[in-house]
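A.B. asks: Just passing along the structure, written as structure tokens.
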Amino acid sequence: MVKQARAVRTREKLVKALETLLRERNFDGIAVSEIAAEAGVAVGSVYSHFRNKEAFMEALLDEREVRLKERLVQVDPVQSRQVLAELGSLRAAIDMVVETAFEQVRADAPLIRATHNYSALHGGERKKQWVALERQGSEGLSILFDLYKEEIKHRNRDLAIRFFMQTINSFFLAYCLDEDFAKYAGTKRLTDREITDQLAVMLHAWLTTPD
2 MVKQARAVRT REKLVKALET LLRERNFDGI AVSEIAAEAG VAVGSVYSHF
52 RNKEAFMEAL LDEREVRLKE RLVQVDPVQS RQVLAELGSL RAAIDMVVET
102 AFEQVRADAP LIRATHNYSA LHGGERKKQW VALERQGSEG LSILFDLYKE
152 EIKHRNRDLA IRFFMQTINS FFLAYCLDED FAKYAGTKRL TDREITDQLA
202 VMLHAWLTTP D
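Going by my numbering, 187 is the number at position 186 of the sequence shown; the sequence numbering is gapless.
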């Protein structure tokens, strides 16, 4: 039992080490020996936990999926409704949704970029799992649409919710994948505030324009 617990801790340390290194550089540029060094684990013992470098990434993806599921479970619909209602307007509610999503994305941008690129190459079934989680996450938007339905002019509510969610996901994924995404005309970089403000303006204008 003690030996098994030690093995679990070592595995967790190795996965955490990969996560740390991915915040500094791409997966292809990281050697197994570097993961071991970051974790404080002897290189020779690494392969008793992971068969190859790709197995590290698979374990990290599993862990991120668990974290996302836990985050979704922790969302309290009653509290979410109260917070959104207190904002008083559709525009203010959209601002909060966009800013909250961006804060999460900005904190994990290098990690999102690495895991997305890996999944794109090795994807299949895992892509379906992430799509299902995104769909589950979009259910929370239904609260916003219920509260401010008088301001929203789109008649197809389901389509509007899906498009809203996919627009945010696509926009912020592009932000993560391209480090120069926020550059304008090759010289001027958009600030984080400009990015979130303009995305919120666009979504609000789209929702309040009759289809």
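Where is the CB? At the ideal position from N, CA and C, for every residue including glycine.
(1) Give the straight-line distance between the Cα atoms of Ser46 and Asp63, rounded to the nearest whole angstrom.
(2) Would DSSP call Tyr149 helix, strand or coil?
(3) Where Asp212 and Leu69 are concerned, what is the direct C-alpha to C-alpha distance, given to the nearest angstrom?
(4) Can Ala40 and Leu23 be called in contact, C-beta distance under 9 Å?
(5) Would DSSP call Glu195 helix, strand or coil?
(6) Which runs of the alpha helix (DSSP H) spanning at least 4 residues fall entirely within the segment 35 to 109, listed in chain order?
(7) Looking only at C-alpha atoms, which of Glu195, Gln105, Leu122 and Val98 sits nearest to Glu59?
(8) What is the rounded straight-line gap between the Cα of Ile144 and the Cα of Gln167?
(9) By Cβ distance below 7 Å, which residues in the same chain neighbour Val106 in space, the five residues on each side in sequence not counted?
(10) Using the three-state DSSP reduction, which class does Lys255 fall into: helix, strand or coil?
(11) Within its chain, find whatever has a CB closer than 7 Å to the CB of Glu100; leave out the 5 residues flanking it on each side and keep chain order.
(12) Could you spell out where the alpha helix (DSSP H) holding Thr168 opens and where it closes?
(13) Are there three or more Cβ pairs, one per stretch, closer than 8 Å when the segment 154 to 161 is compared with the segment 80 to 91?
(14) Can you tell me whether DSSP reads His32 as helix, strand or coil?
(15) Give the straight-line distance between the Cα atoms of His205 and Lys54, rounded to the nearest whole angstrom.
(16) Beta-carbon within less than 8 Å of Glu25's beta-carbon, same chain only, minus the 5 sequence neighbours each way: which residues are those?
(17) Please report the straight-line C-alpha distance between Ala186 and Leu142, rounded to a whole angstrom.
C.D. replies: Reading off the structure:
(1) In the sequence shown, residue 46 corresponds to position 45, counting from 1. In the sequence shown, residue 63 corresponds to position 62, counting from 1. So the two alpha carbons sit approximately 22 Å from each other.
(2) Taking the first residue of the sequence shown as 1, we reach residue 149 at position 148. Three-state result, Tyr149: coil.
(3) For the purposes of this step, residue 212 is taken as residue 211 along the sequence shown, with counting starting at 1. For the purposes of this step, residue 69 is taken as residue 68 along the sequence shown, with counting starting at 1. Answer to the nearest angstrom: the Cα atoms are 33 Å apart.
(4) Taking the sequence shown and counting its residues from 1, the one referred to as residue 40 is at position 39. Taking the sequence shown and counting its residues from 1, the one referred to as residue 23 is at position 22. Not in contact: Ala40 and Leu23 (Cβ atoms no closer than 9 Å).
(5) The residue given as residue 195 occupies position 194 in the sequence shown. The three-state secondary structure of Glu195, taken from DSSP, is helix.
(6) 44 to 47, 54 to 75, 78 to 88 and 91 to 108
(7) Position 58 of the sequence shown, counting from 1, holds the residue named residue 59. The option with the nearest alpha carbon to Glu59 is Leu122.
(8) As a first step, residue 144 must be located in the sequence shown, where it is residue number 143. As a first step, residue 167 must be located in the sequence shown, where it is residue number 166. Ile144 and Gln167: Cα-Cα distance of roughly 17 Å.
(9) Taking the sequence shown and counting its residues from 1, the one referred to as residue 106 is at position 105. Within the same chain, Val106 has close Cβ partners Ile113, Phe173, Tyr176 and Cys177.
(10) Any answer about residue 255 is impossible in this case: the structure gives the chain only from 2 up to 212.
(11) The residue you call residue 100 lines up with position 99 of the sequence shown. Excluding sequence neighbours, Glu100 sits near Thr197.
(12) Position 167 of the sequence shown holds residue 168. Looking at the DSSP string, the run of the alpha helix (DSSP H) that includes Thr168 is Arg158 to Leu178.
(13) no
(14) Here residue 32 corresponds to residue number 31 of the sequence shown, with the count starting at 1. Residue identity check: residue 32 is Ala in the sequence provided, not His. Coil.
(15) For this step, residue 205 is matched to residue 204 along the sequence shown. For this step, residue 54 is matched to residue 53 along the sequence shown. His205 and Lys54 have their C-alpha atoms roughly 44 Å apart.
(16) Position 24 of the sequence shown holds residue 25. Taken in chain order, the residues that qualify are Pro111.
(17) Mapped onto the sequence shown, residue 186 falls at position 185. Mapped onto the sequence shown, residue 142 falls at position 141. With a pLDDT of only 47 at Ala186, under the threshold of 50, the placement of this residue in the model should not be trusted; the figure read from the coordinates follows. Cα to Cα, Ala186 sits roughly 34 Å from Leu142.
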